[in-house]
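The UniProt record's numbering applies: residue 1 is where the first sequence begins, and numbers increase by one.
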Amino acid sequence: MLGVILAKRAWVRNPFGYQPWRDKRSYAAMFDILEADIVVFQETKIQRKDLSDDMVLVPGWDCYFSLPRHKKGYSGVVIYTRQSVCAPIRAEEGITGILCPPNSSTSFSNLPEEEQIGGYPTPSQLASSAVDATTLDSEGRCVVLEFPAFVLFGVYSPANRDETRDDFRLGFLDVLDARIRKLIAMGKRVLLTGDLNISREELDAANAEASMRKQGLTGLEFVSTPARRLFNHLLEGGKVFGERDEGREEPVMWDICRAFHPDRKGMFTCWEQKVNARPGNCGARIDYVLCSLAMKDWFSDSNIQEGLMGSDHCPVYAVMKDRIHIDGEEQDTKDVVNPPGMFSNGERVREYSTANDPLPPSGKLIPEFFGRRNIRDMFARKPSIQHSQSTDIASKDAEVSDAKGSVNGSSAIETTSTKADSAQALSATAPVASSNDPSVAGTKRPIGEVSNNKSLKRAKSGSSATAPAATGKGQQSLKGFFKPKSNTISNYSGIAEEPVVSEANTHDAIWGPDLEPVAESLEDKHDLATPTETASPLSSADGSSRQKVTRSGTNGFQTANSSPASRSASTQDQATVHDPIQSKESWSKLFTKPAAPRCESHDEPCITLLTKKPGMNLGRSFWMCSRPLGPSGAKEKNTQWRCQTFIWCSDWNPNAANGG
DNA sequence: TTAGCATGGCG
DNA sequence: ATCCGGGGGC
DNA sequence: CGCCATGCTAATCCCCCGGAT
């Protein structure tokens with residue numbers, strides 16, 4: 001049940017310029033295609049003023065944002081949760097606990113214990129850091145949600161750019177590490193998802209060899225650079241050189257995705273976009289779904305979604321089982337990812353209440369969104385069921401979820417980590433995979449049957465990309481690709497509509513009217529980057545000469561009990577449960593057709609714009625003739641200038657229009 | 001990732 | 001509102 | 001001297017913002 005994906009950038013800010021999201025143009029639809037119940041984005045790069053209905057008022061979903069305090073258009077994290085499946089019991093922002101709940105001046109760390117997630121670093125821990133807590137948490141890099149079963153971190157860890165940022169980066173990781181360890185010591189379980197900006201070891205960076213040669217490092221030294229060393233300490237099976245560091249005597253986290261693919265090469269989540277390194281799969285694995293050791297066997301699958309193009313990152317997900325062992329007792333997962341009394345034996349016994357269940361930090365409680373309903377829904381062509389009671393949502397949505405469950409046998413918490421600022425974020429193309437896997441080594445795997453180098457060209461942003469070719473060193477795991485597809489997506493089409501929420505009630509401006517002003521420019525705009533961890537020239541190292549590192553503590557890599565035969569690309573695939581790769585197959589179909597409507601006068605693809613004017617339609621997006629406005633200043637008919645074509649995105653159904 | 005340039009071994 | 005250039009990130 | 005292999009460097013990207021139009 002539950003899966004987790006990580007993704008970055010444009011997905012949140014501007015995902016709908018790309019397939020497959022162009023077609024449905026809603027976050028709910030996007031999440032459904034992802035088959036996710038929890039979705040985590042990093043680098044949302046939005047300011048509060050940019051939050052739109054489409055983002056915040058997603059029917060059937062709650063969202064929790066962390067926005068940077070002063071840097072505009074930078075960083076940012078958001079977690080979406082599917083109401084029908086899970087609902088957090090606490091939500092916080094930041095890693096240190098120094099931030100405050102909306103409209104409050106009491107830090108999370110100063111709240112009564114029963115109201116806080118806890119595990120905050122001690123004052124002395126914070127004091128030893130070169131960067132103070134306020135600064136560490138000023139960049140919108142972390143959202144923390146607590147469910148009864150675990151605490152979920154959605155993190156965008158600082159990148160490894162240049163020395164001027166080292167203190168910040170290591171300070172952040174230090175505190176994050178401390179926090180996680182504390183929570184676990186308190187008996188809580190932890191899921192850590194996001195862009196950690198650390199490649200774990202040589203296997204996780206295509207340029208590891210080159211990087212080592214350049215810096216004159218041995219393999220052991222490579223895993224011992226400060227951030228990487230910290231990370232390896234954290235992970236069971238992590239490669240720790242020499243004595244373990246104080247305070248990190250034991251590993252506490254489990255690298256879920258790696259556990260399911262212990263030796264897989266080329267399993268990367270990030271590629272340098274400037275250099276178009278993705279077609280050649282010269283990348284690094286820096287996005288993770290980790291869980292604390294007590295949760296090791298809670299997952300039935302985990303993988304990257306390398307086929308989702310468009311970002312310099314690809315999503316990573318993990319799928320949680322429907323039933324899990326928790327404190328020695330088997331429980332239905334739904335029972336423990338919702339407030340007590342919400343589910344019993346997997347059956348909902350209390351409805352989700354849009355009016356009461358969202359936690360204070362919920363985006364829906366921001367004044368400009370509170371009590372409102374996504375405008376799109378009101379105008380949706382599909383007669384949405386107009387529940388008058390918000391409590392109906394849950395059950396309605398639950399039906400949808402059940403439908404999905406019947407297909408997949410499980411639902412998923414997905415943490416999508418995609419760079420939200422890369423324009424290409426979602427311009428998915430057919431997944432490429434191949435060849436490091438012994439079973440397919442050497443055989444070029446022309447998935448899309450495009451084999452010339454031209455196909456490796458950068459997918460133009462916004463254009464519906466053509467299928468990329470497979471090269472000799474792409475990702476593995478094509479299995480989902482050849483899998484007979486099931487009707488995954490169609491089952492999602494009946495999205496529950498969120499009813500108008502009750503207008504006025506207990507909400508009292510939990511969110512302040514404005515982002516609290518923060519001290520101006522504490523730091524100058526000096527966070528330049530010099531790629532190091534993941535960038536540098538030279539061989540793409542197909543790994544043949546990789547030095548054999550004694551995997552001393554390799555137990556961490558022994559697959560979890562349910563590890564699938566993931567490395568056999570050509571074998572029969574069990575008609576599995578929930579294989580998100582499977583949906584990619586469906587996506588590839590979508591790629592073939594651009595979905596933009598054509599304008600009346602010119603029959604040219606329209607463009608989308610967002611309504612900015614305050615009022616009824618604020619935040620609503622629409623299609624319009626792409627030509628410039630004529631000299632008359634008005635739309636014209638049958639001239640070279642912009643014609644009067646105007647279609648609300650919510651009214652545009654490309655399939656119907658295309659006759660199929 | 002690629003292209004382009006510098007270096008150095010070798011005939 | 002739109003276009004273009006600068007700045008920043010990676 | 002030419003030739004080739006090796007090694008290093010640079011540029012490539014994208015987005016957001018703000019000011020000018």
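Don't be surprised by glycine CBs; every beta carbon is placed ideally from N, CA and C. Quick caveat, the model's predicted, so the values are computed rather than measured.
- Membership of GLY237 in any alpha helix (DSSP H) is not indicated, and neither H nor E is assigned to it by DSSP.
- DSSP places ILE180 within a helical segment (H, G or I) once states are collapsed to three.
- Around the C-beta of GLN644, fewer than 16 other C-beta atoms lie within 10 Å, and the residue is accordingly described as exposed.
- Within a 10 Å sphere around the beta-carbon of ASP195 sit 16 or more other beta-carbons, which makes this residue buried.
- By the C-beta density criterion, ASP327 is exposed, having fewer than 16 other C-beta atoms within 10 angstroms.
- The alpha carbon of PRO279 has as its nearest neighbour, out of ILE286, ASP287, TYR288 and PHE268, the alpha carbon of PHE268.
- Looking at the DSSP output, LEU192 shares a beta bridge with PHE153 and LEU290.
- Two segments are said to touch when three or more pairs of C-beta atoms, one from each, lie closer than 8 Å; by this definition the stretch 179-195 touches the stretch 150-158.
- In this model, LEU136 and ALA127 are separated by some 12 Å (Cα to Cα).
- According to DSSP, residue pairing for GLU92 in a beta bridge involves VAL144.
- Rounded to whole angstroms, PRO88 and ASP263 show a C-alpha spacing of 35 Å.
- When C-beta atoms of the stretch 87-106 are compared with those of the stretch 53-72, three or more pairs fall below 8 Å, so the two segments count as touching.
- With fewer than 16 other beta carbons inside 10 angstroms of its own, GLY341 counts as exposed.
- Selection VAL252, VAL144, GLY237 and ARG323 evaluated against GLY187 yields VAL252 as nearest (Cα-Cα).
- A distance below 7 Å between beta-carbons, with the five flanking residues on each side excluded, links ALA130 to the following residues of its chain, in chain order: ASP167 and GLY171.
- Looking at the DSSP output, TRP254 shares a beta bridge with CYS291.
- Secondary structure at GLY283: strand, using DSSP grouped into helix, strand and coil.
- Boundaries of the alpha helix (DSSP H) around ARG213: 208-215.
- Here the stretch 211-221 makes no contact with the stretch 309-329; the two share fewer than three CB pairs at distances below 8 Å.
- Within the DSSP secondary-structure output, HIS325 pairs in a beta bridge with GLU330.
- Of the other Cβ atoms in all chains shown, fewer than 16 fall within 10 Å of the Cβ of GLU243; this residue is therefore exposed.
- In the DSSP assignment, ASP54 falls within the alpha helix (DSSP H) that extends over 53-56.
- Counting along the chain, no beta strand (DSSP E) covers PHE370, and no H or E run does either.
- In this structure, VAL289 and SER300 do not form a Cβ contact; the two beta carbons are roughly 13 Å apart against a cut-off of 8 Å.
- Sequence-distant Cβ neighbours of GLY346 in its own chain, meaning closer than 6 Å and more than five residues away, are ASP332 and LYS334.
- As a beta-bridge residue in DSSP terms, HIS313 pairs with CYS270.
- Where SER124 is concerned, the enclosing alpha helix (DSSP H) starts and stops at 123-127.
- Here the C-alpha atom of CYS257 lies approximately 21 Å from the C-alpha atom of VAL337.
- Note that the C-beta distance between TYR80 and ASP54 is not below 8 Å.
- Just so you know, the alpha carbons of LEU235 and ASP255 end up roughly 7 Å apart.
- Exposure of PRO123 is indicated by the presence of fewer than 16 other C-beta atoms within 10 angstroms of its C-beta.
- Check the Cα spacing between ARG189 and each of ASP32, GLY238, GLY118 and THR354: the tightest is with GLY118.
- Secondary structure note for PHE65: its beta strand (DSSP E) is the uninterrupted segment 61-66.
- Between HIS70 and SER157, the CB-CB gap reaches or exceeds 8 Å.
- Here DSSP, grouped into helix, strand and coil, assigns ASN197 to coil.
- Annotation for PHE299: the continuous beta strand (DSSP E) segment containing it runs 299-304.
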